[in-house]
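Take any residue in the sequence shown, note its place counting from 1, add 14, and you have its number in this note's numbering.
Here a beta-carbon is modelled for each residue, glycine too, at the ideal position from N, C-alpha and C.
Please read these numbers as outputs of a predicted model, since none were measured by experiment.
Inspection log for the structure reproduced underneath, given as structure tokens.
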Amino acid sequence: MTRTLPPHLLYGGDYNPEQWPESVWADDVRLMREAGVNILCVGIFSWAKLQPSEKRFDFGWLDRVLDLLAANDISVCLATATASPPPWLSKKHPAILPVTSDGIVLQVGSRQQYSPSSAIYRRYAAALVTRIANRYRKHPAVVAWHLNNEYACHLHECHSEASTVAFRQWLRAKYKTLAALNAAWGTAFWSQLYGHWEEIFTPRRAPYHTNPTQCLDFKRFTSDAFLELYKMEAAILRKATPHLPLTTNFMGFFKPLDYRAWAAELDFIAWDSYPDPVDEASARHTGAAGHDLMRSLKPERPFVLMEQATSAVNWRPTNSPKRPGLMRLGSLQTVARGGDGVMFFQWRASKAGAEKFHSGLIQHIPPEQSRVFAEVKALGAELKKLTPVVGSLVRNKVAIVVDWHAWWAVETESKPGRIDYAAWAQSLHGWFYEKNIGVDFVHPDADLTGFNLVVAPALYLLTIKSAANLDSFVARGGTLLATYFTGIVDENEHVVLGGYPALLRKTLGLWVEEWAPYPDGRTNEIKFTRSRQTHACSQWCDLLHLESASAIATYSKDFFAGRPAITKNNHGQGTAYYLGTKLDSAGLDQLLTEISRQADVSAPLAAPAGVEITQRESASGKFIFALNYHDSPVKIPLGKIRGKNLITGDSVSKYLKLAPLDVAVVAVES
Ligand code: GLA
Numbered sequence: 015m016t017r018t019l020p021p022h023l024l025y026g027g028d029y030n031p032e033q034w035p036e037s038v039w040a041d042d043v044r045l046m047r048e049a050g051v052n053i054l055c056v057g058i059f060s061w062a063k064l065q066p067s068e069k070r071f072d073f074g075w076l077d078r079v080l081d082l083l084a085a086n087d088i089s090v091c092l093a094t095a096t097a098s099p100p101p102w103l104s105k106k107h108p109a110i111l112p113v114t115s116d117g118i119v120l121q122v123g124s125r126q127q128y129s130p131s132s133a134i135y136r137r138y139a140a141a142l143v144t145r146i147a148n149r150y151r152k153h154p155a156v157v158a159w160h161l162n163n164e165y166a167c168h169l170h171e172c173h174s175e176a177s178t179v180a181f182r183q184w185l186r187a188k189y190k191t192l193a194a195l196n197a198a199w200g201t202a203f204w205s206q207l208y209g210h211w212e213e214i215f216t217p218r219r220a221p222y223h224t225n226p227t228q229c230l231d232f233k234r235f236t237s238d239a240f241l242e243l244y245k246m247e248a249a250i251l252r253k254a255t256p257h258l259p260l261t262t263n264f265m266g267f268f269k270p271l272d273y274r275a276w277a278a279e280l281d282f283i284a285w286d287s288y289p290d291p292v293d294e295a296s297a298r299h300t301g302a303a304g305h306d307l308m309r310s311l312k313p314e315r316p317f318v319l320m321e322q323a324t325s326a327v328n329w330r331p332t333n334s335p336k337r338p339g340l341m342r343l344g345s346l347q348t349v350a351r352g353g354d355g356v357m358f359f360q361w362r363a364s365k366a367g368a369e370k371f372h373s374g375l376i377q378h379i380p381p382e383q384s385r386v387f388a389e390v391k392a393l394g395a396e397l398k399k400l401t402p403v404v405g406s407l408v409r410n411k412v413a414i415v416v417d418w419h420a421w422w423a424v425e426t427e428s429k430p431g432r433i434d435y436a437a438w439a440q441s442l443h444g445w446f447y448e449k450n451i452g453v454d455f456v457h458p459d460a461d462l463t464g465f466n467l468v469v470a471p472a473l474y475l476l477t478i479k480s481a482a483n484l485d486s487f488v489a490r491g492g493t494l495l496a497t498y499f500t501g502i503v504d505e506n507e508h509v510v511l512g513g514y515p516a517l518l519r520k521t522l523g524l525w526v527e528e529w530a531p532y533p534d535g536r537t538n539e540i541k542f543t544r545s546r547q548t549h550a551c552s553q554w555c556d557l558l559h560l561e562s563a564s565a566i567a568t569y570s571k572d573f574f575a576g577r578p579a580i581t582k583n584n585h586g587q588g589t590a591y592y593l594g595t596k597l598d599s600a601g602l603d604q605l606l607t608e609i610s611r612q613a614d615v616s617a618p619l620a621a622p623a624g625v626e627i628t629q630r631e632s633a634s635g636k637f638i639f640a641l642n643y644h645d646s647p648v649k650i651p652l653g654k655i656r657g658k659n660l661i662t663g664d665s666v667s668k669y670l671k672l673a674p675l676d677v678a679v680v681a682v683e684s
């Protein structure tokens, strides 16, 4: 069943009316209409208000809120309210509280204070969700469900008794026998052999390095434990409202949860994006990379930006505002990269509590005096003009492999050097972003048929199946770029012997004998064989041997001077590149320019640096988005492209002129 959303761009945010006297609500709704708000997430943190004590429920206020919104044509993505259990629950059942790896019990007074594996928490949460689902299943305002909130956001893992027992059950289901577990965990090492399941614990604080496979399995277990919570709520909601779409708010490159495994359970992907506006260039790239990762989880359906800030947040040491125009640019960037919804935390900035200095659509001042609200209203009006793009999709020719299991594995301790997996993937994404070459993020087992170029950064954990997939992608004519520390271990985090990366040795035409990781500040230099150009490199140097590959760059310094640093191998119909080090930006530019040419990937439109170009497509047409991040106007040659700028209504041809910080969305005439 396609559980659809309203057929316009969603615009709104979290609405927490329980924080305000009812007398404010009418004004809220009047202002929402003025701003063009058409959807709200309601009730996310209202468990204590809906169920003030175990036996007492109070839905009256929520009935009145939803009726008011329905009467004003404002849709609701209704929350299940399970993200912050009420204090009475943990007073009665302290065992639901989560425990850190040091054995510290996390207490009430904040939010998310529950162990994901607590059967008691699950029982109370299920009872609440059932009541909410049954009460509002036919409410005309409700168009979707918002399950819990940012699962695992503050609580990345839990070591409570309930979690320990659940971890053992998870391990029994996975390994069946202790012999299999002992083999997978390599417990012959350091006398870790387990003779009973009860001897096994979550990886709590220990004297020295904890078994890495145990740590990896615990990450897998934790992602699954939170997913079980989601599925528990989803099952209740599916039964009550099979026609309504379900979602929860993801957080982009968020390590604790394998969002790929989660994505299949969501009807549409929603996520929360809070790049730090203090550094505008990095903020726009962080936003773009997050959108690309989230969109790629369900490429056949537009995502929704569930939360962003109109201006400052409250949770950084220093919380910069978004200067005029940036909120609009970030919002339209969302649509440009495949989003069909632009939403915020939160409608009205709180008066009390830990988030009172977090911006809202309504600030602490009268809205008519607020430049933020003026921008909110202008954006609402603009988004209405973009209805034609709803449902259109982004199609890319470049994929970057990101796998949560590889991420978890490469960042557990006791490695040759420190690799920040997400940062490395994002930094490679950054080059394509600046060149306006669209990128998807894929799993290493994904169907790679539609892609010309696949980049695999530090894909440390690589299964036989994934290696075969990458190999056949190249053999069939694709271009692969793999980087250092790829293909080192299997799914149990055991080294695959035979010369790293053993499973890709033929594909890449080389083997790595050893590596020289560099501390911060230390550099080497590479020289490209053909152009003789030199560039600094840092962080990591693979010392490799060529088989069928040839060197396209060599190291200039250290005891391995003259040996290959970057290689190219013809394999089947395709080409496999290998990057054994981290290049400076000019070096990376030279390499990726060559590889992109080889793979025949380019931007939809040539534009000056600092102008973001994307493309969305649907059966009814093609839309080109152009976003000018400069404080000066730009002129973009359109070549043969002509069409209508949906924002201004003007016909465009030959050139697209953009004012400072302006955006155009061109519906292309075919
Ligand atoms: C997250 C949460 C919100 C709020 C915002 C503040 O995204 O989901 O409830 O705390 O952060 O930025």
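Roughly how many angstroms separate the alpha carbons of P647 and V390, rounded to a whole number?
Counting from one through the sequence shown, the residue named residue 647 turns up at place 633. Counting from one through the sequence shown, the residue named residue 390 turns up at place 376. Each residue's Cα considered, the two are about 23 Å apart.
Out of L258, S610, P130 and K582, point me to the one whose CA is closest to E242's CA.
Here residue 242 refers to the residue found at position 228 when the sequence shown is read from its first residue. Considering only L258, S610, P130 and K582, the residue with the shortest C-alpha distance to E242 is P130.
Does the count of Cβ pairs from the region 39-50 and the region 271-291 closer than 8 Å reach three?
no
Opposite D556 in the DSSP bridges: which residues?
Along the sequence shown, read from residue 1 onward, the residue named residue 556 stands at position 542. Answer by DSSP bridge pairing, in chain order: W529.
Secondary structure of C229, DSSP reduced to three states:
Here residue 229 corresponds to residue number 215 of the sequence shown, with the count starting at 1. Three-state DSSP puts C229 in a helix.
Looking at C-alpha atoms only, which residue of P259, P108 and G27 is the closest neighbour of P20?
Translated into positions along the sequence shown, residue 20 becomes position 6. Nearest of P259, P108 and G27 to P20, Cα basis: P259.
Alpha carbon of F358 to alpha carbon of R385, nearest angstrom
Looking up residue 358 in the sequence shown gives position 344. Looking up residue 385 in the sequence shown gives position 371. Taking the straight line from one Cα to the other gives about 16 Å.
Once the 5 residues before and after A2 are set aside, which same chain residues still bring their CB inside 6 Å of it?
Absent from the model: residue 2. The displayed extent of the chain is 15 to 684, so no value can be given.
How far does the beta strand (DSSP E) with L80 in it reach, from first residue to last?
Here residue 80 refers to the residue found at position 66 when the sequence shown is read from its first residue. No beta strand (DSSP E) holds L80; the alpha helix (DSSP H) holding it covers G74 to A85.
Is A139 helix, strand or coil by DSSP?
Within the sequence shown, residue 139 is the residue found at index 125, counting from 1. Three-state result, A139: helix.
Alpha carbon to alpha carbon, what distance is there between E539 and D6?
There is no way to answer for residue 6, as the model of the chain reaches only from 15 to 684.
In terms of DSSP beta bridges, what is P578 paired with?
As a position in the sequence shown, residue 578 is number 564, starting the count at 1. Answer is T568.
Boundaries of the alpha helix (DSSP H) in which Y189 is found, first to last residue
Translated into the one-based positions of the sequence shown, residue 189 becomes position 175. Y189 -> alpha helix (DSSP H) spans E175 to Y189.
For Y669, count neighbouring Cβ atoms within 10 angstroms of its own Cβ and tell me buried if that reaches 16, exposed if not.
As a position in the sequence shown, residue 669 is number 655, starting the count at 1. Exposed: under 16 other Cβ atoms inside 10 Å.
Using CA coordinates, which residue listed in Y150, P108 and L76 is at the minimum distance from Y135?
In the sequence shown, counting from the first residue as 1, residue 135 sits at position 121. Out of Y150, P108 and L76, P108 has the C-alpha closest to the C-alpha of Y135.
So what does F639 bridge to, in DSSP terms?
Start at 1 with the first residue of the sequence shown, and residue 639 comes out as number 625. According to DSSP, which records beta bridges pairwise, F639 is partnered with T628 and V679.
Indicate the three-state DSSP secondary structure (helix, strand or coil) for H709 in the structure shown.
This structure gives no information on residue 709, because the portion of the chain shown stretches from 15 to 684.
Is the beta carbon of G501 closer than 8 Å to that of E561?
Residue mapping note: residue 561 aligns to position 547 of the sequence shown, counting from 1. Residue mapping note: residue 501 aligns to position 487 of the sequence shown, counting from 1. No, these two residues do not count as a Cβ contact at 8 Å.
For L111, name the three-state secondary structure that DSSP assigns.
Looking up residue 111 in the sequence shown gives position 97. The answer is coil: DSSP assigns L111 none of H, G, I, E or B.
The ligand GLA heavy atoms versus the CB of F359: any closer than 7 Å?
Taking the sequence shown and counting its residues from 1, one reaches residue 359 at position 345. Because some heavy atom of the ligand GLA lies under 7 Å away, the Cβ of F359 counts as near it: yes.
Just to confirm my understanding: we take D645, look at its own chain, exclude 5 residues before and 5 after, and list those with CB closer than 8 Å. What are they?
Reading the sequence shown from its first residue, position 631 is the one you call residue 645. Closer than 8 Å at the Cβ level, and outside the excluded window around D645, lie P674 and L675.
Any heavy atom of the ligand GLA closer than 7 Å to the CB of V386?
Working through the sequence shown from its first residue, we reach residue 386 at position 372. No, Cβ of V386 sits at least 7 Å from all heavy atoms of the ligand GLA.
Could you have a look at E561 and say whether DSSP puts it in helix, strand or coil?
Reading the sequence shown from its first residue, position 547 is the one you call residue 561. Reduced to three states, the DSSP call for E561 is coil.
Run through the DSSP bridge pairs and tell me what H585 is partnered with.
Locating residue 585 in the sequence shown gives position 571, where the first residue counts as 1. G588, per the DSSP bridge assignment.
For V51, which residues from the same chain have a beta carbon less than 7 Å from its beta carbon, with the 5 sequence-adjacent residues on both sides left out?
The residue you call residue 51 lines up with position 37 of the sequence shown. Hits under 7 Å: Y25, G26, I88 and G394.
Just checking my contact of A413 with V468 at CB under 8 Å: how many whole Å lie between their CB atoms?
Numbered from 1 along the sequence shown, position 399 holds the residue referred to as residue 413. Numbered from 1 along the sequence shown, position 454 holds the residue referred to as residue 468. So it is a contact: roughly 5 Å between Cβ atoms.
Rounded straight-line distance, which links the Cα of V90 to that of L83:
Numbered from its first residue, the sequence shown carries residue 83 at position 69. Numbered from its first residue, the sequence shown carries residue 90 at position 76. In a straight line, the C-alpha of L83 is about 8 Å away from that of V90.
In the DSSP assignment, find the alpha helix (DSSP H) that holds F384 and state where it starts and stops.
Here residue 384 refers to the residue found at position 370 when the sequence shown is read from its first residue. Position check: residue 384 holds Ser in this sequence, whereas Phe was assumed. No alpha helix (DSSP H) contains S384, which DSSP labels as neither H nor E.
Inter-residue Cα distance where the pair is L251 and L280
Here the question's residue 251 lines up with position 237 in the sequence shown. Here the question's residue 280 lines up with position 266 in the sequence shown. Annotation: L251 to L280 spans about 12 Å, alpha carbon to alpha carbon.
G452 beta carbon less than 8 Å from that of V408:
Position 394 of the sequence shown, counted from the first residue, corresponds to residue 408. Position 438 of the sequence shown, counted from the first residue, corresponds to residue 452. Yes. Within cutoff.
Less than 8 Å between the C-beta atoms of R125 and S98, yes or no?
Within the sequence shown, numbered from 1, the residue matching residue 125 stands at position 111. Within the sequence shown, numbered from 1, the residue matching residue 98 stands at position 84. Yes; because the gap between Cβ atoms is below 8 Å, this pair is in contact.
Would you tell me roughly how many angstroms separate the C-alpha atoms of G746 and R218, rounded to the nearest one?
With the chain covering only 15 through 684, there is no way to say anything about residue 746.
Which whole-angstrom value is the C-beta distance of S428 and P226, which I expect to be below 8 Å?
Counting from one through the sequence shown, the residue named residue 428 turns up at place 414. Counting from one through the sequence shown, the residue named residue 226 turns up at place 212. Contact between S428 and P226 holds, since their C-beta atoms are separated by about 7 Å, short of 8 Å.
So if DSSP puts V453 in a beta bridge, which residue, or which two residues, is it bridged to?
Looking up residue 453 in the sequence shown gives position 439. Answer is V412, bridged to V453.
What residue from P651, N642 and K520 has the CA that sits closest to A7's CA?
The structure shown has nothing for residue 7, since the chain only spans 15 to 684.
May I have the straight-line CA-CA distance separating L192 from W204, to the nearest angstrom?
On the sequence shown, position 178 is the one that residue 192 refers to. On the sequence shown, position 190 is the one that residue 204 refers to. Distance between the alpha carbons of L192 and W204 is about 17 Å.
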